[in-house]
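Below is one structure, written out as structure tokens; comments come after it.
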Amino acid sequence: MSFRKLKVFIIQKLQSEIPQTLSYHGVHHTLEVLEVCNQYIKRLKIAKREAELLRTAALLHDTGFIWTYTKHEERGVSFAREILPDWGFHENEIDRISKMILATRIPQKPQNLLEEILCDADLDYLGTNRFYTIGSTLYRELLTFKLIDNEDSWDKIQINFLSHHRYHTKYGKKYREPQKRHNLETIFRRKGFQKEDIESDL
């Protein structure tokens, strides 16, 4: 199996078939998640085949958006099971890749290290200073699909999501949680809430 060729195949499919209205869940997001996974692979010295499974799951985790906006993870798993045998993956490996993809469903419930890495990579931006830049693309996407009405409803979603989300890896907990908390506090203060309101929601 050539991961490089598989990557080209999936990225080209995303570029040509994923709806252009997906300002957040576009091919750029998939590439960013893959890059964060690569950082974890180097940081944790993950074995070669394990790394290939993780990278493959990262490439496939949002392919379901090609066909559906809701339950896209399940559709992505169906696509993975359809194509991966032809790329040399064994059944047990495809099962593991499928579980990694499904672990990214909200609320995230990873059961092992590779699932934790993919989940944290998928939402890495929440704990970075790119939170507002990347978040604005999700805001536009949700507006397009009429899943929110305005900035007020967006702020409520952000507050609820950030309050309940937790990183899973040791790295995420140490290096992403603090900035994520800061991002949440910034939204609270912009909305006029006090510190005790922030603490009660965390």
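Under this note's numbering, think of the first position of the sequence shown as 4, with each following residue one higher.
The beta-carbon is built from N, C-alpha and C at its ideal position, and this holds for glycine as well.
Nothing here was measured: the structure is a model prediction, and the numbers come from that model.
Asked	Found
Exposed unless 16 or more other CB atoms sit within 10 angstroms - verdict on residue 213	One cannot answer for residue 213 here, as it falls past the ends of the chain, which runs 4 to 205.
C-alpha distance - residue 25 paired with residue 139, whole-angstrom precision	12 Å
Simplified DSSP assignment, three categories, for residue 130	helix
Boundaries of the alpha helix (DSSP H) in which residue 150 is found, first to last residue	Neither: residue 150 is in no alpha helix (DSSP H) and is coded neither H nor E.
Close beta carbons around residue 203, own chain, < 6 Å, minus the five adjacent residues each side	A caution first: residue 203 carries a pLDDT of 48, below 50, which makes its placement in the model too unreliable to give a value.
Residue burial classification, residue 19 (beta-carbon count within 10 angstroms, cutoff 16)	exposed
Reference residue 175; option with closest CA among 143, 125 and 155	125
Exposure of residue 156, with buried meaning 16 or more beta-carbon neighbours within 10 Å	exposed
Per-residue burial, residue 11 [other beta carbons within 10 Å of its own, 16 or more giving buried]	exposed
Other residues of its chain near residue 120: CB distance less than 7 Å, five sequence neighbours each side excluded	40, 43, 57 and 172
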